[in-house]
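Novice:
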Amino acid sequence: MTTDVWNTPERVALRALVRDFTVREIVPNLAQWELDGELPRSLHKAAAEVGLLGISFPEEAGGAGGDIVDSMIVSEEMLYAGASSGLLSALFTHGIALPHLVKSGNTDLIDRYAKPTLTGDLIGSLAVTEPDAGSDVAAIRTRAIRDGDRYIVNGAKTFITSSTRADYITSVVRTGEDPHHGVSLLVVDTGSPGFSVVRRLSKMGWLCSDTGELAYVDVRVPAANLIGAEGSGFVQVAQQFAGERLGLAVHGYGVAQRALDLTVAYTKARMAFGKPLIAKQVVRHKLVDMTRAVEVSRTYAHDIIARHAAGEEVFAQAAIAKNQAVEACSFVVNEAVQLHGGAGYMRDSEVERHYRDARLLGIGGGATEVMNDLIAKALFG
449 MTTDVWNTPE RVALRALVRD FTVREIVPNL AQWELDGELP RSLHKAAAEV
499 GLLGISFPEE AGGAGGDIVD SMIVSEEMLY AGASSGLLSA LFTHGIALPH
549 LVKSGNTDLI DRYAKPTLTG DLIGSLAVTE PDAGSDVAAI RTRAIRDGDR
599 YIVNGAKTFI TSSTRADYIT SVVRTGEDPH HGVSLLVVDT GSPGFSVVRR
649 LSKMGWLCSD TGELAYVDVR VPAANLIGAE GSGFVQVAQQ FAGERLGLAV
699 HGYGVAQRAL DLTVAYTKAR MAFGKPLIAK QVVRHKLVDM TRAVEVSRTY
749 AHDIIARHAA GEEVFAQAAI AKNQAVEACS FVVNEAVQLH GGAGYMRDSE
799 VERHYRDARL LGIGGGATEV MNDLIAKALF G
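Numbering (this note's numbering), first residue to last: 449 to 829.
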């Protein structure tokens with residue numbers, strides 16, 4: 449008999465805990481956080497107290513000792529219960545800011561940054577994208593020059609999630625000339641002289657997730673803040689791509705499932721020409737197509753996530769899962785707004801927010817077009 453890793457007794461209990469937390473702590477406040485343009489630090493503390501921040505980090509780093517399946521269940525259930533993709537990106541930014549640091553095994557960095565982050569006392573961010581370099585990590589230009597026991601950092605980053613609230617930025621910097629072997633990871637404290645958030649960026653969606661444009665001007669960073677060996681940054685970043693893309697796949701089918709649930713409920717309640725909307729064949733067929741898109745995306749992503757958790761190489765499959773879920777989400781949220789009619793176009797409608805938020809999923813974590821190119825190279829050479 450095959451064990452369903454997604455529905456073990458422990459994970460069923462985890463789903464219940466996440467749903468309760470979301471309904472109690474997030475749903476009543478999300479609209480205000482969208483207006484505020486950021487999440488309160490108190491939410492990080494509250495999430496840490498119930499064990500959600502460290503869910504997939506090892507116990508020796510201050511985590512709960514789970515794996516990627518556990519962290520994906522948290523994202524899934526939050527979305528199903530009424531959270532947003534933007535909220536997940538802001539609350540769990542440490543999911544991309546910390547893995548390189550924790551995997552390095554550097555106990556000093558773990559004690560100074562990982563453990564306080566997983567208790568909700570610090571907020572971390574990851575800075576890769578620059579004005580002239582996004583998915584092409586080898587093209588980054590922010591430079592760190594060694595000067596004794598320090599690095600002097602100069603450059604700029606943009607579109608950086610949680611950076612306006614962050615206490616530290618895991619920064620991808622150039623320490624050598626080789627495109628791939630001249631890239632390193634350096635933890636930069638945001639209180640360092642010369643570091644600044646140039647501006648907070650306004651976005652189409654993900655409104656509760658703060659996004660910043662950053663400047664590094666002669667920022668002196670202790671050499672002890674280097675993550676791993678100098679020149680190993682490209683490989684470190686690449687090793688985390690599969691997890692990040694699978695996380696965005698969960699955002700995709702999770703948002704789609706929530707939009708579908710809201711639409712089914714609306715079409716059952718909304719009367720048109722003397723009958724509920726759901727009685728109309730054209731509506732029922734749309735709901736079937738939406739359901740098919742969600743189910744296919746979730747089933748494929750679940751399989752790839754479980755294989756990744758088991759240690760299997762899933763580079764191409766993770767990108768496929770992301771693109772499939774993004775396409776499904778785009779289709780479902782569009783139909784959800786359509787079936788809600790005028791109500792779906794109103795800013796106070798939840799499906800309207802999902803419609804805007806979903807547009808980023810095909811851009812963040814590697815654009816759909818970049819994913820297709822990587823998939824082709826991996827599969828066909």
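Backbone N, C-alpha and C fix where the C-beta goes; we use that ideal spot for every residue, glycine too.
Can the beta-carbon of S644 be found closer than 9 angstroms to that of A575?
Specialist: Position 196 of the sequence shown holds residue 644. Position 127 of the sequence shown holds residue 575. Not closer than 9 angstroms, so no.
Novice: Assuming contact is defined by CB atoms lying nearer than 9 angstroms, are A512 and D518 in contact in what I supplied?
Specialist: For this step, residue 512 is matched to residue 64 along the sequence shown. For this step, residue 518 is matched to residue 70 along the sequence shown. In contact: A512 and D518 (Cβ atoms closer than 9 angstroms).
Novice: For V543, write down the residues that DSSP places opposite it in a beta bridge.
Specialist: As a working note, residue 543 is residue 95 in the sequence shown. The sequence shown places Gly at residue 543, not Val. G543 pairs with nothing; no bridge assigned.
Novice: Relative to the C-alpha of S650, which residue among V471, A461, E482 and L478 is closest?
Specialist: On the sequence shown, position 202 is the one that residue 650 refers to. Here the closest residue by C-alpha is E482.
Novice: Residues bridged to D615 by DSSP?
Specialist: For this step, residue 615 is matched to residue 167 along the sequence shown. Paired residues: none, contrary to the question.
Novice: Beta-carbon separation of L432 and V621 under 9 angstroms?
Specialist: A query on residue 432 cannot be resolved here, the shown segment of the chain reaching from 449 to 829 and no further.
Novice: With a CB to CB cut of under 6 angstroms and the five nearest residues on each side skipped, what residues in its chain are close to Y803?
Specialist: Sequence index remark: in the sequence shown, residue 803 carries index 355 (1-based). Excluding positions up to five away in sequence, the list reads V781 and V785.
Novice: Determine which residues share a DSSP beta bridge with R591 and list them.
Specialist: On the sequence shown, position 143 is the one that residue 591 refers to. DSSP lists N602 and R622 as partners of R591.
Novice: So, using beta-carbon positions, are D559 and W654 closer together than 9 angstroms?
Specialist: As a first step, residue 559 is located in the sequence shown; it is residue number 111 there, counting from the start. As a first step, residue 654 is located in the sequence shown; it is residue number 206 there, counting from the start. Taking 9 angstroms as the Cβ cut-off, D559 and W654 do not qualify as a contacting pair.
Novice: Within the continuous beta strand (DSSP E) that includes F643, where are the two ends?
Specialist: Mapped onto the sequence shown, residue 643 falls at position 195. Its beta strand (DSSP E) spans residues F643 to R648.
Novice: So which of H733, N673 and G624 has the shortest CA-CA distance to Y428?
Specialist: The requested residue 428 is not part of the displayed model; the chain covers only 449 to 829.
Novice: Could you check whether G812 and L696 sit closer than 9 angstroms to each other, using their CB atoms as the reference points?
Specialist: The count along the sequence shown starts at 1 and reaches residue 696 at position 248. The count along the sequence shown starts at 1 and reaches residue 812 at position 364. Against a cut-off of 9 angstroms, the Cβ pair of G812 and L696 comes out as a contact.
Novice: Near G534, what residues of its chain come up, given a Cβ to Cβ distance below 7 angstroms and the 5 sequence neighbours on each side ignored?
Specialist: Taking the sequence shown and counting its residues from 1, the one referred to as residue 534 is at position 86. G653, W654, L655, C656, S657 and D805, listed in sequence order.
Novice: Within this structure, are the beta carbons of T565 and A538 separated by less than 9 angstroms?
Specialist: Translated into positions along the sequence shown, residue 565 becomes position 117. Translated into positions along the sequence shown, residue 538 becomes position 90. No, the Cβ-Cβ distance between T565 and A538 is not below 9 angstroms.
Novice: For I823, which residues in the same chain have their Cβ closer than 7 angstroms to its Cβ, ignoring the five residues on either side in sequence?
Specialist: As a working mapping, residue 823 is identified with position 375 in the sequence shown. A764, A767 and I768.
Novice: From the DSSP output, which residues share a beta bridge with P724?
Specialist: Counting from 1 along the sequence shown, the entry for residue 724 is found at position 276. Its beta-bridge partners are M719.
Novice: In the DSSP assignment, the alpha helix (DSSP H) including L478 goes from what residue to what residue?
Specialist: On the sequence shown, residue 478 is found 30 positions in, with the first residue counted as 1. Here the alpha helix (DSSP H) through L478 covers L478 to D484.
Novice: Short of 6 angstroms in beta carbon distance, which residues of its chain neighbour V762, apart from the five on each side in sequence? Order them along the chain.
Specialist: What you label residue 762 is simply residue 314 of the sequence shown in a count that begins at 1. Contacts found: A690, I752, R755 and H756.
Novice: Would you check if the distance between the CB atom of S745 and the CB atom of G700 is smaller than 9 angstroms?
Specialist: As a working note, residue 745 is residue 297 in the sequence shown. As a working note, residue 700 is residue 252 in the sequence shown. Yes. Within cutoff.
Novice: Is DSSP giving R795 helix, strand or coil here?
Specialist: For the purposes of this step, residue 795 is identified with residue 347 of the sequence shown, where counting begins at 1. Coil, per DSSP.
Novice: Report the partner residues of L662 according to the DSSP bridge assignment.
Specialist: Counting from 1 along the sequence shown, the entry for residue 662 is found at position 214. L662 pairs with K605 and V645.
Novice: I need the straight-line Cα distance from E760 to T456, nearest angstrom please.
Specialist: Counted from its first residue, the sequence shown places residue 760 at position 312. Counted from its first residue, the sequence shown places residue 456 at position 8. Answer to the nearest angstrom: the Cα atoms are 21 angstroms apart.
Novice: Per DSSP, R459 forms a beta bridge with which residues?
Specialist: Counted from its first residue, the sequence shown places residue 459 at position 11. Its beta-bridge partners do not exist; DSSP assigns none.
Novice: As an exercise, report each continuous alpha helix (DSSP H) stretch of at least 4 residues that is fully enclosed by the stretch 738-804, in chain order.
Specialist: List check, alpha helix (DSSP H) in window: 763-788.
Novice: Use the C-beta contact count for T450: other C-beta atoms within 10 angstroms, 16 or more gives buried, fewer gives exposed.
Specialist: As a first step, residue 450 is located in the sequence shown; it is residue number 2 there, counting from the start. Here T450 scores only 49 on pLDDT, less than 50, and its place in the model should not be relied on; the value that follows carries that caveat. Classification of T450: exposed, given that the 10 Å Cβ count is below 16.
Novice: Write down the C-beta distance between V466 and L500 rounded to the nearest angstrom, noting that I regard them as a contact closer than 8 angstroms.
Specialist: The count along the sequence shown starts at 1 and reaches residue 466 at position 18. The count along the sequence shown starts at 1 and reaches residue 500 at position 52. V466 to L500, Cβ: 7 angstroms. Contact.
Novice: Nearest-angstrom Cα distance between A713 and P627?
Specialist: Counted from its first residue, the sequence shown places residue 713 at position 265. Counted from its first residue, the sequence shown places residue 627 at position 179. Taking the straight line from one Cα to the other gives about 52 angstroms.
Novice: In whole angstroms, what separates the C-alpha of V550 from that of R740?
Specialist: Indexing the sequence shown from 1 puts residue 550 at position 102. Indexing the sequence shown from 1 puts residue 740 at position 292. Cα-Cα distance, rounded: 38 angstroms.
Novice: Distance, Cα to Cα, G603 vs P488?
Specialist: Sequence index remark: in the sequence shown, residue 603 carries index 155 (1-based). Sequence index remark: in the sequence shown, residue 488 carries index 40 (1-based). Roughly 29 angstroms separates the two Cα atoms.
Novice: My parser needs the alpha helix (DSSP H) runs of 4 or more residues fully inside the stretch 489-555; what are they?
Specialist: Qualifying alpha helix (DSSP H) stretches, in chain order: 489-497, 516-528, 533-539, 542-545 and 547-552.
Novice: Does the distance from the CB of S583 to the CB of G814 come in under 9 angstroms?
Specialist: Taking the sequence shown and counting its residues from 1, one reaches residue 583 at position 135. Taking the sequence shown and counting its residues from 1, one reaches residue 814 at position 366. Result yes, Cβ atoms of S583 and G814 sit closer than 9 angstroms.
Novice: I'd like to know whether the C-beta atoms of R718 and L708 end up nearer to each other than 9 angstroms.
Specialist: As a first step, residue 718 is located in the sequence shown; it is residue number 270 there, counting from the start. As a first step, residue 708 is located in the sequence shown; it is residue number 260 there, counting from the start. Contact flag unset, no.
Novice: Any C-beta of chain B sitting closer than 9 angstroms to the C-beta of I503?
Specialist: The structure shown contains no chain B; it holds only a single protein chain.
Novice: Cβ atoms of A773 and L809: under 9 angstroms apart, would you say?
Specialist: As a first step, residue 809 is located in the sequence shown; it is residue number 361 there, counting from the start. As a first step, residue 773 is located in the sequence shown; it is residue number 325 there, counting from the start. Closer than 9 angstroms, so yes.
Novice: Do V665 and R598 have their C-beta atoms closer together than 9 angstroms?
Specialist: To locate residue 665, count along the sequence shown from 1; it is residue 217. To locate residue 598, count along the sequence shown from 1; it is residue 150. Against a cut-off of 9 angstroms, the Cβ pair of R598 and V665 comes out as no contact.
Novice: Report all residues from its chain with a CB closer than 6 angstroms to the CB of R459; omit the five preceding and five following residues, and keep chain order.
Specialist: Position 11 of the sequence shown holds residue 459. Counting only Cβ-Cβ distances below 6 angstroms, and skipping sequence neighbours, we find I521.
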